[in-house]
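Scroll down for the structure; my scribbles are underneath it.
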Amino acid sequence: MNLESHWLRGAAVLAIIFILQDAVLNGLRIDGIRPDLLLGLGLVAALVAGPELGAVSAFIAATVGDLLVNTPFGLSSLVACIVAFLVGSIQQALSPTQRWSIPVLTGAGSAVGVVTWAALATVLGLPGLLHPHLALIAGVVAVVNVAVSLPMARALRWAFVAATRPTATSPAPRGLAG
Amino acid sequence: MSVARRSTRSRFTLVVLILLSLTFITLDLRGGGPIPSLRGKVRDAFAPIQSAVSSLTSPVTDFFQGVFDYQELRDDNTRLRAQLAAASAQQIEDQYLEQTNKDLTDLLKLDFVGDIPTVAARVIAGSGSNFQLTIVIDRGEDAGVLQGMPVVAGTGLVGRVIATSASQSTVLLLTDPSASVGVQFAPTPAIGVATGQGTGRQLSVTLIDPNAPVTVGTVAVTSGLAGSPYPSGIPVGTVTSAVMDAGVQARDVTLAPVVDVSRLSYVDVLISTAQTPSTHPTPTTLPPGNVSAAAAASSPTPSPTPSPAPSRR
Numbered sequence: 003m004n005l006e007s008h009w010l011r012g013a014a015v016l017a018i019i020f021i022l023q024d025a026v027l028n029g030l031r032i033d034g035i036r037p038d039l040l041l042g043l044g045l046v047a048a049l050v051a052g053p054e055l056g057a058v059s060a061f062i063a064a065t066v067g068d069l070l071v072n073t074p075f076g077l078s079s080l081v082a083c084i085v086a087f088l089v090g091s092i093q094q095a096l097s098p099t100q101r102w103s104i105p106v107l108t109g110a111g112s113a114v115g116v117v118t119w120a121a122l123a124t125v126l127g128l129p130g131l132l133h134p135h136l137a138l139i140a141g142v143v144a145v146v147n148v149a150v151s152l153p154m155a156r157a158l159r160w161a162f163v164a165a166t167r168p169t170a171t172s173p174a175p176r177g178l179a180g
Numbered sequence: 018m019s020v021a022r023r024s025t026r027s028r029f030t031l032v033v034l035i036l037l038s039l040t041f042i043t044l045d046l047r048g049g050g051p052i053p054s055l056r057g058k059v060r061d062a063f064a065p066i067q068s069a070v071s072s073l074t075s076p077v078t079d080f081f082q083g084v085f086d087y088q089e090l091r092d093d094n095t096r097l098r099a100q101l102a103a104a105s106a107q108q109i110e111d112q113y114l115e116q117t118n119k120d121l122t123d124l125l126k127l128d129f130v131g132d133i134p135t136v137a138a139r140v141i142a143g144s145g146s147n148f149q150l151t152i153v154i155d156r157g158e159d160a161g162v163l164q165g166m167p168v169v170a171g172t173g174l175v176g177r178v179i180a181t182s183a184s185q186s187t188v189l190l191l192t193d194p195s196a197s198v199g200v201q202f203a204p205t206p207a208i209g210v211a212t213g214q215g216t217g218r219q220l221s222v223t224l225i226d227p228n229a230p231v232t233v234g235t236v237a238v239t240s241g242l243a244g245s246p247y248p249s250g251i252p253v254g255t256v257t258s259a260v261m262d263a264g265v266q267a268r269d270v271t272l273a274p275v276v277d278v279s280r281l282s283y284v285d286v287l288i289s290t291a292q293t294p295s296t297h298p299t300p301t302t303l304p305p306g307n308v309s310a311a312a313a314a315s316s317p318t319p320s321p322t323p324s325p326a327p328s329r330r
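If you read the protein sequences in the order shown, they are chains A and B. No gaps in the numbering here: position 61 of the first sequence is 63 in our numbering, and each next residue is one more. No gaps in the numbering here: position 89 of the second sequence is 106 in our numbering, and each next residue is one more.
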């Protein structure tokens, strides 16, 4: 297997999640709240492939997502890469890796990401974001991301871990957590 | 040693990503950079895929949406049955009110939509963000739609265009917390500024004169004061409460929007020349008791560059 294919596989997973997010989930709202799979993608990538690759994945996913909305461009990527790095670091500190850690850290990271985004957007001048409804938004986004975290982890392992597993003829690339 | 080096490199990567993000934010907030046009091109490029996938998955999406909204749909059904019964009984009164409304409109010389060219558009997507209440419509610059143009539906105001691409536009709904519109409580001369409060919540109104004769049931229409992007006389909402807050000598007035912005299928864009250069709604601060502020609150930011004249379609 070509070791460089992890980027192609990662791009394929991102494209599928992006289409799911924009073309399918945009019309599927829970109490008016839209799930945020792109945030979940970055978090799960950090849990599966380590904080560095997770932060990069979260950054790319959020930047792509920001292209289709009119909120400040770059704000989602800023929040996503930081939160992904944090949850990836926590995951690495949990030794050995716990079975429950992926859903739990994905849910917690999602909620933290949503609230952090609203806080930073408020600092940037967007009004009316810090209100009680924010807790509901964070809750819905977190619950949906928890629900999809395990299948998403499977897809991202296929992309980032399986593709970089060393073979007899080729060493694993540096910096990719396994 | 290897772990420490990897950790240092990870932190370095994170710092680079943070700096990149901050650069994007700065470029976008300054405006006029490549980001708005990039967003427009991505929207145009993605539109066919979005449309195709939406068509394929809409039966499943609609099913699950129906499950999530079951209670709301049931409540709607009950409410609509009651309204239908009431409407039958009030048909005669409605005819009288229609004539009265026409007379009052003529009296106030309201500029209603009838004189303004419009572009009909289909709503193709909701907001891509949980923090901005917008819709995406299938008409853009090619159809003469420009930033700042008001958008209406059958019964009243929906919002205004905040971003355009060649084939699509994004409309900021009047329920968004950053949206505000100058309103008049016809037939009285009372005016104020209505501001969105978020999904499913009513509009909050700041009255210019707290003692103005505003009562529950009064219909608020756009005031159309000088500088406002909205023509006068477009229905905005119906007053649902008007309570005097004795402590601060102000009235808490709330409006129920006349248009259910959560269930829009088709809208009309009013081809007016008012435009705004920013894709982000700017926060509004309103000094109380100032009539010009009502116009300013609903005015677009002046464009630094002349924009092309809209074409009539």
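Beta carbons: idealized from backbone N, C-alpha and C, even for Gly.
Pick from the options that is closest to residue i, judged by C-alpha positions
i	options	result
Pro105(A)	Val15(A), Glu6(A), Leu45(A) and Asp33(A)	Leu45(A)
Gly165(B)	Arg177(B), Glu158(B), Asp155(B) and Gly173(B)	Arg177(B)
Leu30(A)	Ile225(B), Ala99(B) and Gly145(B)	Gly145(B)
Thr257(B)	Val233(B), Ser71(B), Ala170(B) and Val162(B)	Val233(B)
Ala149(A)	Leu39(A), His8(A), Trp9(A) and Val125(A)	Leu39(A)
Ser24(B)	Gly52(A), Ala82(A) and Ala161(A)	Gly52(A)
Gln201(B)	Ile251(B), Pro51(B) and Arg26(B)	Ile251(B)
Leu114(B)	Pro227(B), Ser240(B) and Thr235(B)	Thr235(B)
Leu31(B)	Leu128(A), Trp9(A), Gly56(A) and Arg156(A)	Gly56(A)
Leu36(B)	Gln100(A), Arg159(A) and Phe61(A)	Phe61(A)
Ala339(B)	Leu70(A), Ile32(A), Val58(A) and Arg11(A)	It is not possible to answer for residue 339(B), since the shown part of chain B is limited to 18 through 330.
Ile288(B)	Val210(B), Val238(B), Ala180(B) and Val162(B)	Val162(B)
Val85(A)	Val117(A), Val145(A), Asn28(A) and Gln100(A)	Val117(A)
Val198(B)	Leu73(B), Ser245(B) and Phe41(B)	Ser245(B)
Ser68(B)	Asp93(B), Asp155(B) and Val253(B)	Asp155(B)
Residue environment, residue i, which counts as buried when at least 16 other CB atoms sit within 10 Å
i	result
Met261(B)	exposed
Tyr283(B)	exposed
Ser316(B)	Because Ser316(B) carries a pLDDT of 41, less than 50, the predicted location of this residue cannot be relied on, and the following value inherits that uncertainty. With 16 or more Cβ atoms within 10 Å of its Cβ, Ser316(B) is classed as buried.
Arg139(B)	exposed
Glu54(A)	buried
Trp102(A)	exposed
Leu49(A)	buried
Ala47(A)	buried
Thr216(B)	buried
Gln185(B)	buried
Ile18(A)	exposed
Asn228(B)	exposed
Gly143(B)	buried
Pro167(B)	buried
Ala207(B)	buried
Arg156(A)	exposed
Thr40(B)	exposed
Trp216(A)	It is not possible to answer for residue 216(A), since the shown part of chain A is limited to 3 through 180.
Phe29(B)	exposed
Ala153(A)	Note that residue 153(A) is Pro in the sequence shown, not Ala. That one is exposed.
Asp79(B)	exposed
Ser78(A)	buried
Assigned secondary structure, residue i (DSSP; H/G/I helix, E/B strand, else coil)
i	result
Pro76(B)	helix
Gly244(B)	coil
Pro305(B)	Note that Pro305(B) scores a pLDDT of 34, beneath 50, so its modelled location is shaky; the value from the coordinates is reported in the next line. If DSSP states are grouped into helix, strand and coil, Pro305(B) belongs with coil.
Leu191(B)	coil
Pro196(B)	The question names Pro, but residue 196(B) is Ala in the sequence shown. Looking at Ala196(B) - three-state DSSP - the assignment turns out to be coil, as it is neither helix nor strand.
Val46(A)	helix
Thr216(B)	coil
Met261(B)	strand
Ser151(A)	helix
Ile133(B)	coil
Arg98(B)	helix
Ala211(B)	strand
Thr151(B)	strand
Asp226(B)	coil
Ala161(A)	helix
Met166(B)	coil
Arg47(B)	helix
Pro300(B)	The predicted model places Pro300(B) with a pLDDT of 36, which falls under 50 and marks its position as unreliable, so this point remains unresolved.
Ser279(B)	coil
Nearest-angstrom Cβ-Cβ length linking residue i and residue j, presumed shorter than 8 Å
i	j	result
Val175(B)	Leu242(B)	Actually they are not in contact, since the Cβ atoms of Val175(B) and Leu242(B) sit about 20 Å apart, beyond 8 Å.
Val70(B)	Ala63(A)	The pair is not a contact, with the Cβ atoms about 18 Å apart (cut-off 8 Å).
Val276(B)	Ala170(B)	5 Å
Val188(B)	Thr135(B)	Between Thr135(B) and Val188(B) the Cβ distance is about 14 Å, and since that is not below 8 Å, they are no contact.
Phe148(B)	Leu96(A)	That pair is no contact at about 32 Å.
Leu41(A)	Val143(A)	7 Å
Ile42(B)	Pro74(A)	5 Å
Item to complete: Assess, as a yes-or-no matter, whether the stretch 172-192 of chain B is touched by the stretch 214-227 of chain B under the definition of 3 or more beta carbon pairs within less than 8 Å.
Response: They touch, by the three-pair rule.
Discussion item. Closer than 8 Å is the cut-off here; do at least three beta carbon pairs connect the stretch 53-73 of chain B with the stretch 109-117 of chain A?
Written reply: No, they do not touch.
Practice prompt. State whether the stretch 87-97 of chain A contacts the stretch 120-127 of chain A, with contact taken as three or more CB pairs (one from each stretch) at a distance under 8 Å.
Written response: Taking 8 Å as the limit for Cβ pairs, the verdict is that the stretch 120-127 of chain A does not touch the stretch 87-97 of chain A.
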